[in-house]
Amino acid sequence: MGTAIEVRGLRKSYGDVEAVRGVDLSVDHGEIFALLGPNGAGKTTTVEILEGYRERTAGEATVLDHDPARGERELKERIGIVLQSTGVDPYLTVAETVEMYRGYYPSPRPLDEVIDLVGLEEKRDVRVVKLSGGQQRRLDVAIALAGDPELLFLDEPTTGFDPSARRHAWEIVKNLASLGKTVFLTTHYMDEAQYLAGRVAVISSGEIVAEGPPSSLGGRDTATAVVRFRLSAPDVSLPDAMASGVTREDGGFRYQAADPTRFLHDLTGWALENSVTLEGLDVSRPTLEDVYLKLTADDAERPEPAEVSS
Amino acid sequence: MSTTRLALRQVGYTNKAFWRNPAAAFFTFAFPIMFLIIFTTLFGNNEVQVLPGVSVKQSTFYVAAMSAFAVITACYTNIAIQVSFNRDAGILKRIRGTPLPGASYLAGRVMHAVIIAFILVAICVAYGRIFYSASLSARTLPAFLVTILVGAASFAALGLAVTTIIPNADAAPAIVNASILPILFLSDIFIPLTPGTPQWVDVVSKIFPVRHFAEAMQVAFFSPTGNGFRWGDLAVVAAWGVFGLIVAIRFFTWEPRR
């Protein structure tokens, strides 16, 4: 069956500004893929090329075996799109809106099923203008699902959500994946990518700088671990064997190693024997956020290039 | 579904949203009727010469003139403002991402506007008949209907065309009104043009389609003889419509222009 999305050497320039500079991506059927990057890194440009809104300057792009630039109806019938900012007619009700969009597709999902899926049952007959921001965003998702798409594009789906609304939205996306849908997500939230995506690509200044499962992105899993702790009593001191390996930090100690198992064993054994409490004992590896910030460090906050509509 | 079926379906949704939008319903629907009532009440009993040798009561003149105004409001003003708002709100962009052909969406809007135009004209004509016995003769009815259709289609095309120079929704009402109001005043719609009208008004107004449309409507409404067709005027209106269509096809955008 091949991949759902295949991108090779994708480039997009707006005048002199090169927003996307040679992106390679491959998304399998049925996976949740997240394109993670700061504002202006080229996320939206990339996803809008795949959705068919923009033409690429160079490179190859294939979405469900179609070239998205052609704007073919056969492709549009199989994808669902949640844009970053988009509207629906404020004077139609939720049910009317979803029903209107269902009519554009050859084999839409049942109306009530779509409304239930995004949790808008109680707002079914309420006009869009009366919905809260979060509810309107859920309606956006409902519209994208109306045609029962195989592939769903979500461009920063939870920006501006409060924490509980985000959780709710995440559950919706997880549900979609369990239905076998492919989801292509852009986000600048690390926790979102980590929670949802099976695979993440980090984009910075128009280039992919890292790609992989969130747990091992940028060598997270093999990066050195850091052990931090303080000693309860100031008059006790670490045995020499351990003291030589640690550095002082904020009134405590810091130990760094690829594998801290031996050190931890020695440390906790010594502490038990000597009735010393290890305050704030903590073992950490770089978080996805640490990795992300390192990867995107050179991507100074620059504004998204002015988009030229075609 | 075919492009046409989809367009017809779109008419229904456009209509639903239209009547629930107080501003659209008021400015498009109530305005021409309100003007008709005001103008006929104030000036109804004066006589005005509408064709060489043909004078009618001003109330009769206003039935035809406000019918023309209603067509322009429903098709040009309404479409230009609504489409600009929908474009700015991202509605058009979203539609563009679905399998609905763009032509179906726009055709749905245009058809809805044409229907609204016909309803408004029917109200104007009924009002004139009831209160001022300004009746439409069966002899010129075909000309009247064809004139409305040509005018509605042409002004709808121009309405789509003008969206290409409207930068955002905030500017839409200003640009649309600035482009049409002065012409309405010079074109035998609000104020009857008399033999004493300065010549420059005559020359300027004949460049634009409104005057031609207004006169075609008047002749189709109360021509004492003949079938009431003004082919020359209709040709000018249609030519403007074709021009509008070309501009719209060439420059129409589905995404907010920021």
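Heads up: the sequence lines are chains A and B, in that order. At position 131 of the first sequence (counting the first as 1) the number is 144 in our numbering, and the numbers step up by one without a gap. At position 116 of the second sequence (counting the first as 1) the number is 133 in our numbering, and the numbers step up by one without a gap. Built from N, CA and C at the ideal position, the CB exists for glycine as well.
Nearest in C-alpha terms to Gly245(B), of all of Ala155(B), Asn62(B) and Arg126(B), is Ala155(B).
Rounded to whole angstroms, the gap between the alpha carbons of Glu286(A) and Leu280(A) is 10 Å. For Arg34(A), no alpha helix (DSSP H) run applies; the uninterrupted beta strand (DSSP E) run containing it begins and ends at Val30 to Val40, by DSSP.
Inter-residue distance for Leu175(B) and Ile197(B) is about 11 Å (C-alpha atoms, whole angstroms). Residue state for Leu210(B) is assigned as coil, using DSSP reduced to three classes.
If the five residues before and after Arg34(A) are omitted, its C-beta is found closer than 8 Å to the C-beta atoms of Arg24, Gly55, Ser218, Gly219 and Glu220, all from its own chain and listed in chain order. For Ser217(A), the uninterrupted beta strand (DSSP E) segment begins and ends at Arg212 to Ser217. Per DSSP, the continuous alpha helix (DSSP H) segment holding Glu109(A) begins and ends at Val107 to Arg115. Under the Cβ criterion of 8 Å, Ala106(B) is counted among the residues facing chain A.
Taking Arg67(A) as the centre and dropping the five residues before and after it, the same chain places the C-beta of Glu61 closer than 6 Å to its C-beta, in chain order. The Cβ-Cβ distance between Asp161(A) and Ser120(A) falls below 8 Å. Chain-order list of chain B residues neighbouring Ile94(A): Gly114, by C-beta distance under 7 Å.
Looking at the DSSP output, Ala231(B) shares a beta bridge with no other residue.
At least one C-beta of chain B is nearer than 8 Å to the C-beta of Tyr117(A).
Going by beta carbons, Trp257(B) and Pro226(B) fall inside the 8 Å limit. In terms of Cα proximity to Met203(A), the closest of Thr172(A), Ser191(A) and Ser177(A) is Thr172(A).
Assigned with DSSP and collapsed to three states, Asp175(A) falls in coil, not helix or strand.
By the neighbour-count definition (other C-beta atoms within 10 Å, threshold 16), Ile224(B) is an exposed residue. For Thr181(B), the closest C-alpha among the options Phe268(B), Val220(B) and Asn63(B) is that of Phe268(B). Contact between Ala82(B) and Ala134(B) is absent: CB atoms are separated by about 15 Å, not below the 8 Å threshold. Chain-order list of chain A residues neighbouring Arg111(B): Ile94, Leu96, Thr99, Gly100, Val101 and Ile156, by C-beta distance under 8 Å. The C-beta distance from Phe276(A) to Gly264(A) rounds to 20 Å, too long to meet the 8 Å contact threshold.
By the CB criterion at 8 Å, Ser240(B) and Ser222(B) fall outside the cutoff. Taking the beta carbon of Leu117(B) as reference, the chain A residues within 7 Å of it are Tyr117, listed in sequence order.
Of the residues assessed, Thr290(A) falls on the exposed side of the cut-off, its CB having fewer than 16 other CB atoms within 10 angstroms. The beta carbon of Ala34(B) falls within 8 Å of a beta carbon belonging to chain A, placing the residue at that interface. The CB of Tyr30(B) comes closer than 8 Å to the CB of Asp102, Leu105, Glu109 and Met113 in chain A, given here in chain order.
Where Thr59(A) is concerned, the enclosing alpha helix (DSSP H) starts and stops at Lys56 to Glu64. In the DSSP assignment, Glu220(A) is bridged to Ser217(A). In the three-state DSSP reduction, Tyr93(B) falls in the helix class (H, G or I). Contact annotation: Leu105(A) and Val141(A) have beta-carbon atoms nearer than 8 Å. With a threshold of 8 Å between beta carbons, Lys89(A) makes contact with chain B. In the structure shown, Val141(A) falls within a helical segment according to DSSP collapsed to helix, strand and coil. At a cut-off of 8 Å, the C-beta of Asn38(B) has a neighbouring C-beta in chain A. By the neighbour-count criterion, in which 16 or more other beta carbons inside 10 Å mark a residue as buried, Gln235(B) falls on the buried side. In the DSSP annotation of this structure, the continuous segment of the alpha helix (DSSP H) that includes Gln148(A) starts and ends at Gly146 to Leu158.
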